[in-house]
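Engineer: Residue 162 in my numbering sits at position 137 of the sequence shown, with consecutive numbering throughout. Supplied in structure tokens, the structure appears directly below.
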Amino acid sequence: MSRIAYVDGAYVPLRRAAVSIRDRGFQFADSIYEVWALRGGRLFDAEAHMARLQRSLAELRITPPMGEASLWAVMRETMRRNWVRDGIVYVQISRGAANRDHVFPPPDTKATLVVTAKNLDRHAIALRAGSGVKVISLPETRWARRDIKSVNLLPNVLARQTAKESGAFEAWLVDAEGLVTEGTSSNAWIVDAAGVLRTRPLSHDILHGVTRAAILQLAQERQLRIEERAFTLDEAKAAREAFITAASNAATAVIEIDGVTIGDGRPGPVTQALRAAYLGV
Ligand SMILES: Cc1ncc(COP(=O)(O)O)c(C=O)c1O
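Structure (structure tokens):
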């Protein structure tokens with residue numbers, strides 16, 4: 026079955042889906058995106074992802090191509106046409122197509138909107154969560170506004186490729202102070218040696234993960250000891266547990282960092298409890 030994408034007003038087969046070479050997303054990464062996870066036909070944290078999309082647009086002063094209600098409708102229709110029940114919906118909005126010029130194009134330039142949806146291998150995701158994943162550390166080389174979910178992802182891509190070539194699933198990025206910022210496409214957490222659940226506080230340094238917020242809320246409800254405080258790589262390596270959060274992976278245990286085994290090398294109880302609570306299983 027051919028997959029269908031929504032591109033600027035039309036639902037088209039993926040092989041024919043295209044945007045202009047003048048598109049500022051292509052030319053300058055002048056574009057934002059958002060990703061929702063769908064499980065059993067339900068969009069997780071639907072409103073929070075939409076709110077972050079609107080915030081990313083506002084931060085870059087991109088005029089939304091349509092209202093929120095219309096965007097929901099396009100997303101639902103894209104999911105329906107692709108028969109997606111367990112997977113992701115991806116929305117990308119660029120500042121539109123214009124003659125190549127660094128300054129913003131004329132105000133009547135219409136933003137480009139692309140929506141795709143695809144099923145993910147739920148079994149593979151569950152297996153990964155069951156065994157936990159390996160992480161490597163790399164220097165933080167991204168721009169200073171990582172809170173904006175822009176498609177400016179080249180450093181993330183390069184770091185993720187290095188992780189893959191090292192046999193790891195994710196790379197944790199480490200800032201000039203030696204503190205972990207986040208993963209290339211996930212937020213980073215530990216249960217430190219003292220048993221405190223820790224993740225870096227919100228700032229321009231990290232993406233404000235929607236799953237991060239939901240897991241934090243669940244941890245608070247369970248009255249865990251929590252500190253939104255950055256941790257060093259050494260603290261992470263000495264942690265009882267480590268995990269990552271992202272829409273498509275929920276909370277997934279990290280069992281090794283730079284070859285150092287975390288805890289007993291298996292997903293720990295805090296990670297597993299928070300994952301189960303998040304997924305409602
Ligand atoms: C850099 C980065 N950090 C964190 C996350 C996790 O965010 P969320 O939980 O909203 O998916 C992502 C998701 O893609 C990301 O790209």
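Glycine is no exception: its CB is placed at the ideal position from the N, C-alpha and C atoms.
#1: For the beta strand (DSSP E) that asparagine 212 lies in, which residues bound it at each end?
#2: Check whether the Cβ of asparagine 212 sits closer than 6 Å to any heavy atom of ligand 1, and report yes or no.
#3: Can you name, in chain order, every residue of its own chain whose Cβ lies under 6 Å from the Cβ of alanine 255, other than the five neighbours on each side?
#4: Given the structure, does glycine 112 come close to ligand 3, in the sense that its CB is under 6 Å from one of the ligand's heavy atoms?
#5: Any beta carbon of chain D sitting closer than 7 Å to that of alanine 54?
#6: Taking 6 Å as the cut-off, is the C-beta of valine 158 nearer than that to any heavy atom in ligand 1?
#7: Just tell me which of Leu249, Ala71, Ala272, Lys262 has its CA closest to the CA of valine 160.
#8: Output needed for threonine 296: all residues of its chain with C-beta closer than 7 Å, excluding positions within five of it in sequence on either side, in chain order.
#9: What residue from Leu68, Glu59, Leu243 has the CA that sits closest to alanine 76's CA?
#10: How big is the Cα-Cα spacing for serine 45 and tryptophan 97?
#11: At what residues does the beta strand (DSSP E) containing threonine 134 begin and finish?
#12: What number of angstroms, rounded off, separates the C-alpha of leucine 243 from the C-alpha of asparagine 177?
#13: Is the distance from the Cβ of threonine 270 to the Cβ of isoleucine 251 below 7 Å?
#14: With asparagine 274 and isoleucine 118 assumed to form a contact (beta carbons below 8 Å), what rounded beta-carbon distance in angstroms separates them?
#15: Taking the straight line between their C-alpha atoms, what separation do you get for histidine 280 and aspartate 33?
#16: For serine 228, name the three-state secondary structure that DSSP assigns.
#17: Exposed or buried, which one is glycine 81 when buried takes at least 16 other CB atoms within 10 Å?
#18: Relative to ligand 1, is the shortest distance from any of its heavy atoms to the C-beta of alanine 272 smaller than 6 Å?
#19: Taking one C-beta from the region 123–137 and one from the region 101–112 each time, how about it: are there three or more such pairs within less than 8 Å?
#20: Which residues in the same chain as threonine 88 place their Cβ atom closer than 7 Å to its Cβ, once the five residues preceding and following it in sequence are excluded?
#21: Following a CB-centred definition, is threonine 206 positioned closer than 6 Å to any heavy atom of ligand 1?
#22: Going along the chain, which residues of its own chain have a beta-carbon closer than 6 Å to the beta-carbon of isoleucine 282, five neighbours each way excluded?
#23: Using 7 Å as the threshold, is the C-beta distance between isoleucine 215 and arginine 171 below it?
#24: Please find out if some non-hydrogen atom of ligand 1 comes closer than 6 Å to the beta-carbon of leucine 232.
#25: For valine 114, I'd like the list of residues in its chain whose CB is within less than 8 Å of its CB, leaving aside the five on either flank, ordered along the chain.
#26: Among residues of its own chain, excluding the 5 on either side of isoleucine 173, which ones have a beta-carbon nearer than 6 Å to its beta-carbon?
#27: What beta strand (DSSP E) runs, 3 residues minimum, are completely inside the region 72–152?
#28: Could you check if aspartate 259 is buried or exposed, using at least 16 other CB atoms within 10 Å of its CB as the buried criterion?
Structural biologist: Taking the geometry as given:
#1: Indexing the sequence shown from 1 puts residue 212 at position 187. Element bounds for asparagine 212: 212–216.
#2: Indexing the sequence shown from 1 puts residue 212 at position 187. Correct: asparagine 212 has its Cβ closer than 6 Å to ligand 1.
#3: Translated into positions along the sequence shown, residue 255 becomes position 230. The residues are Leu204, Arg225.
#4: Inclusion of ligand 3 in the displayed structure is not the case, the ligand content consisting of ligand 1 alone.
#5: Among the chains in the structure shown there is no chain D, since it carries only a single protein chain.
#6: For the purposes of this step, residue 158 is identified with residue 133 of the sequence shown, where counting begins at 1. Every heavy atom of ligand 1 is 6 Å or more from the Cβ of valine 158, so no.
#7: One-based indexing of the sequence shown puts residue 160 at position 135. Selected option, being the one with the closest Cα: Lys262.
#8: Numbered from its first residue, the sequence shown carries residue 296 at position 271. If we look at threonine 296 and ignore the five residues flanking it on each side, its Cβ neighbours are Glu266, Phe268, Ala276, Ala278.
#9: In the sequence shown, residue 76 corresponds to position 51, counting from 1. Scanning Leu68, Glu59, Leu243 for the CA closest to the CA of alanine 76 turns up Glu59.
#10: Position 20 of the sequence shown, counting from 1, holds the residue named residue 45. Position 72 of the sequence shown, counting from 1, holds the residue named residue 97. Approximately 24 Å between the Cα atoms of the pair.
#11: Your numbering for residue 134 matches position 109 in the sequence shown. Bounds of any beta strand (DSSP E) do not take in threonine 134, whose DSSP letter is neither H nor E.
#12: For the purposes of this step, residue 243 is taken as residue 218 along the sequence shown, with counting starting at 1. For the purposes of this step, residue 177 is taken as residue 152 along the sequence shown, with counting starting at 1. Approximately 31 Å, taken between the alpha carbons.
#13: For the purposes of this step, residue 270 is taken as the residue at position 245 of the sequence shown. For the purposes of this step, residue 251 is taken as the residue at position 226 of the sequence shown. Between threonine 270 and isoleucine 251, the CB-CB gap reaches or exceeds 7 Å.
#14: Locating residue 274 in the sequence shown gives position 249, counting from the first residue. Locating residue 118 in the sequence shown gives position 93, counting from the first residue. Rounded, the Cβ-Cβ distance is 24 Å, inconsistent with contact.
#15: Here residue 280 corresponds to residue number 255 of the sequence shown, with the count starting at 1. Here residue 33 corresponds to residue number 8 of the sequence shown, with the count starting at 1. For clarity, residue 280 is isoleucine in the given sequence; the question names histidine instead. Each residue's alpha carbon lies about 43 Å from the other.
#16: Here residue 228 corresponds to residue number 203 of the sequence shown, with the count starting at 1. Here serine 228 sits in coil by DSSP.
#17: Looking up residue 81 in the sequence shown gives position 56. The residue you asked about is not glycine; residue 81 is serine in the sequence shown. Classification for serine 81: buried.
#18: Working through the sequence shown from its first residue, we reach residue 272 at position 247. Yes, Cβ of alanine 272 sits closer than 6 Å to a heavy atom of ligand 1.
#19: no
#20: As a first step, residue 88 is located in the sequence shown; it is residue number 63 there, counting from the start. Answer for threonine 88: Ala136, listed in chain order.
#21: The residue given as residue 206 occupies position 181 in the sequence shown. Not so, every heavy atom of ligand 1 lies at least 6 Å from the Cβ.
#22: Mapped onto the sequence shown, residue 282 falls at position 257. So the qualifying residues of the chain are Val160, Ala261, Lys262.
#23: Taking the sequence shown and counting its residues from 1, the one referred to as residue 215 is at position 190. Taking the sequence shown and counting its residues from 1, the one referred to as residue 171 is at position 146. Against a cut-off of 7 Å, the Cβ pair of arginine 171 and isoleucine 215 comes out as no contact.
#24: Taking the first residue of the sequence shown as position 1, residue 232 is located at position 207. Annotation for leucine 232 indicates a beta carbon within 6 Å of some heavy atom of ligand 1.
#25: Taking the first residue of the sequence shown as position 1, residue 114 is located at position 89. Take valine 114, set aside five residues on each side of it, and the residues of its chain with a beta-carbon closer than 8 Å to its own are Val60, Trp61, Leu63, Leu68, Met100, Thr103, Met104, Val140, Thr141, Ala142, in chain order.
#26: By one-based count along the sequence shown, residue 173 stands at place 148. Excluding sequence neighbours, isoleucine 173 sits near Ser81, Glu84.
#27: As for any beta strand (DSSP E) of minimum length 3 sitting wholly inside the region 72–152, the runs are 112–119, 137–144, ordered along the chain.
#28: Translated into the one-based positions of the sequence shown, residue 259 becomes position 234. Counting every other CB atom within 10 Å of its CB across the protein chains shown gives aspartate 259 a total below 16, marking it as exposed.
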